[in-house]
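J.:
In the working numbering, the protein residues as written are -2 to 175.
#1: Residue 20 bridges to which residues according to DSSP?
#2: Between residue 114 and residue 91, what straight-line distance do the alpha-carbon atoms span, to the nearest angstrom?
#3: List the DSSP bridge partners of residue 103.
#4: Taking the alpha-carbon positions, what's the residue 154 to residue 132 distance?
#5: Please report the Cβ distance between residue 100 and residue 117, rounded to the nearest whole angstrom; I am assuming they are in contact, meaning their Cβ atoms lie under 8 Å.
#6: Distance check for residue 151 and residue 106, CA to CA, integer angstroms please.
#7: With distances taken from CA atoms, which of 137, 149 and 160 is nearest residue 75?
#8: Take the Cβ of residue 82 as the centre, count every other Cβ of all protein chains shown within 10 Å, and call the residue buried at 16 or more, exposed below.
#9: Based on Cα-Cα distance, which residue from 12, 164 and 80 lies nearest to residue 21?
#10: Smallest Cα separation from residue 149: which of 94, 110, 164 and 87?
#11: Along the beta strand (DSSP E) that carries residue 51, what are the first and last residues, could you check?
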């Protein structure tokens, strides 16, 4: 399994396929308990904190993904949504680290064309992060190549240079990088 060559001190925008005109947005933790927020695709505006993502390694194959808008303790995870029509009924969301589950631990695998599919520890390798035709994000078990809604790419925005993003605090011990 290969992983993209990403700098932990770099903000990235994350987009699908060859077009970077739309990219992932991650909100702050806006629910009433301050534990979850939204993630969705929208027009690329790299100056906005909602579009700035850090991909931080937990070990050699597993990463967490967090947005500047969500803060250092808000991660991309997944959750069950009864109204979701895709099999598995699972969508991504932003989730606070101290209440997160294994869905915040992501792995990247190469399609072979400089794009990547994303899986997480909770849903397993048979489910990929997917952009549906209607613009919603889900975890999909339709993973046979090619899957255009599962071809993720990363574009550099700026250096992070913020100590708050130099470690990760989740249910396991804090992981510190130089």
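Think of the CB as a built atom: it goes at the ideal place given N, C-alpha and C, for glycine as much as any other residue.
T.: Looking at the atomic coordinates:
#1: Locating residue 20 in the chain shown gives position 23, counting from the first residue. Paired residues: 12 and 39.
#2: In the chain shown, the residue the question calls residue 114 occupies position 117. In the chain shown, the residue the question calls residue 91 occupies position 94. About 19 Å.
#3: As a working mapping, residue 103 is identified with position 106 in the chain shown. For residue 103, which the question treats as bridged, DSSP gives the partners 60 and 117.
#4: On the chain shown, residue 154 is found 157 positions in, with the first residue counted as 1. On the chain shown, residue 132 is found 135 positions in, with the first residue counted as 1. If you take the alpha carbons of residue 154 and residue 132, they lie about 23 Å apart.
#5: Looking up residue 100 in the chain shown gives position 103. Looking up residue 117 in the chain shown gives position 120. Yes, they are in contact, since the Cβ atoms of residue 100 and residue 117 sit about 5 Å apart, within 8 Å.
#6: For this step, residue 106 is matched to residue 109 along the chain shown. For this step, residue 151 is matched to residue 154 along the chain shown. Between residue 106 and residue 151, the C-alpha separation is close to 13 Å.
#7: For the purposes of this step, residue 75 is taken as the residue at position 78 of the chain shown. Of the candidates 137, 149 and 160, the one whose C-alpha sits nearest the C-alpha of residue 75 is 137.
#8: As a working mapping, residue 82 is identified with position 85 in the chain shown. Exposed, because fewer than 16 other Cβ atoms sit within 10 Å of the Cβ of residue 82.
#9: As a first step, residue 21 must be located in the chain shown, where it is residue number 24. When only C-alpha atoms are compared, the closest one is 12.
#10: One-based indexing of the chain shown puts residue 149 at position 152. The candidate whose alpha carbon is nearest that of residue 149 is 110.
#11: Position 54 of the chain shown holds residue 51. Per DSSP, residue 51 is one residue of the beta strand (DSSP E) stretching across 50 to 54.
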